[in-house]
Amino acid sequence: MNTQILQYVKPDYSMYPTSVNTLEEVQQVVDTLLNEVISREHFQLIFEEIMSGGFEIKLNNRLSATLGQCVSTTKNNHIHILAIEFNANYIKYERNTAHKIDTIIHEVMHALTDLEYNTYCGHDSRWRYNCKQYGCIPAANATEETTYQEVMWKLGLIKYRLVCEECGAVLEYRKTMTTPYRVAIECGEYRCSECKSEYLQIQVNKNYHK
-5 MNTQILQYVK PDYSMYPTSV NTLEEVQQVV DTLLNEVISR EHFQLIFEEI MSGGFEIKLN
55 NRLSATLGQC VSTTKNNHIH ILAIEFNANY IKYERNTAHK IDTIIHEVMH ALTDLEYNTY
115 CGHDSRWRYN CKQYGCIPAA NATEETTYQE VMWKLGLIKY RLVCEECGAV LEYRKTMTTP
175 YRVAIECGEY RCSECKSEYL QIQVNKNYHK
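Read in order, the letters of the sequence shown correspond to residues -5 to 204 in the numbering used here.
Structural data, given as structure tokens:
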């Protein structure tokens, strides 16, 4: 398989749900991808996982550092996909629906590629090829800025954020703030990714509520 010549083409988002804010809508995106987009051979790989009780689509409230993950295991020298999990807050609060659809396709491509080659492929050329083939941005990380933490800040669902005093860039949102991290900020051990300033401020959300 030549993994270099295939060019990325954005998916036809009109075939997917116009909103993706619930587990049911995430499942609709997955169902559309499986039934209307991928090849029969690739569908068969995933269908066998579904029939064996795997390939469950879930929202995970514990995910914070990642938008989604493919949960797999190896049994009798064969890769099996137990579940694909998505950051529950990201699905609920992200404003960019196309971004969420791309994330969902991204994780399904991990499952598909691992099944196809019966090994963990990560973000290698085989995974990128399938991403390009089925309309997902082939990158290890999202190429667009997410907005869900900004929305959660405004709703009072996140307690802290790290802001550059020089350029005003919001660098990070956090639900908790450890003493070592706070001390490191105050001692100038971190710098702004935008302007490289060491003058960073930890802001507390006045509207925060658990």
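All C-beta atoms, glycine included, are put in the ideal place defined by N, C-alpha and C.
Keep in mind the model is a prediction, meaning the values are calculated, not measured.
Exposed or buried, which one is residue i when buried takes at least 16 other CB atoms within 10 Å?
{"i": "residue 71", "result": "exposed"}
{"i": "residue 122", "result": "buried"}
{"i": "residue 148", "result": "exposed"}
{"i": "residue 23", "result": "buried"}
{"i": "residue 203", "result": "exposed"}
{"i": "residue 116", "result": "exposed"}
{"i": "residue 62", "result": "buried"}
{"i": "residue 137", "result": "Its pLDDT being 48, under 50, residue 137 is placed unreliably in this model, and the coordinates cannot settle the point."}
{"i": "residue 158", "result": "buried"}
{"i": "residue 183", "result": "exposed"}
{"i": "residue 207", "result": "The requested residue 207 does not occur in the structure, where the chain is confined to residues -5 to 204."}
{"i": "residue 108", "result": "buried"}
Quick check on residue i: does DSSP put it in helix, strand or coil?
{"i": "residue 155", "result": "strand"}
{"i": "residue 88", "result": "coil"}
{"i": "residue 55", "result": "coil"}
{"i": "residue 41", "result": "helix"}
{"i": "residue 109", "result": "helix"}
{"i": "residue 69", "result": "strand"}
{"i": "residue 205", "result": "Since the displayed the chain opens at -5 and closes at 204, residue 205 lies outside it and no answer follows."}
{"i": "residue 61", "result": "coil"}
{"i": "residue 98", "result": "helix"}
{"i": "residue 203", "result": "coil"}
How big is the Cα-Cα spacing for residue i and residue j?
{"i": "residue 13", "j": "residue 85", "result": "10 Å"}
{"i": "residue 193", "j": "residue 155", "result": "14 Å"}
{"i": "residue 166", "j": "residue 34", "result": "42 Å"}
{"i": "residue 20", "j": "residue 28", "result": "13 Å"}
{"i": "residue 113", "j": "residue 74", "result": "10 Å"}
{"i": "residue 59", "j": "residue 185", "result": "20 Å"}
{"i": "residue 87", "j": "residue 51", "result": "18 Å"}
{"i": "residue 172", "j": "residue 181", "result": "14 Å"}
{"i": "residue 199", "j": "residue 57", "result": "21 Å"}
{"i": "residue 7", "j": "residue 66", "result": "28 Å"}
{"i": "residue 120", "j": "residue 179", "result": "40 Å"}
{"i": "residue 11", "j": "residue 25", "result": "11 Å"}
{"i": "residue 69", "j": "residue 128", "result": "28 Å"}
{"i": "residue 104", "j": "residue 41", "result": "15 Å"}
Please determine, among the options, the residue with the shortest C-alpha to C-alpha distance to residue i.
{"i": "residue 102", "options": "151, 169, 68 and 39", "result": "39"}
{"i": "residue 170", "options": "153, 33, 124 and 183", "result": "153"}
{"i": "residue 95", "options": "16, 177 and 178", "result": "16"}
{"i": "residue 31", "options": "146, 106, 201 and 157", "result": "106"}
{"i": "residue 89", "options": "42, 187, 143 and 174", "result": "143"}
{"i": "residue 160", "options": "69, 99, 188 and 200", "result": "188"}
{"i": "residue 140", "options": "133, 25 and 91", "result": "91"}
{"i": "residue 77", "options": "97, 54, 83 and 9", "result": "54"}
{"i": "residue 195", "options": "124, 25 and 163", "result": "163"}
{"i": "residue 100", "options": "197, 80 and 48", "result": "80"}
{"i": "residue 110", "options": "43, 201, 190 and 18", "result": "43"}
{"i": "residue 18", "options": "118, 82 and 146", "result": "82"}
Flag residue i as yes if its beta-carbon sits less than 8 Å from any beta-carbon of chain C, otherwise no.
{"i": "residue 15", "result": "Protein chains in the displayed structure number just one, and chain C is not present."}
Requested in this report: Within the segment 111 to 199, note down every full alpha helix (DSSP H) run reaching 4 residues or more, in order along the chain.
Outcome: 119 to 128, 142 to 148 and 173 to 180
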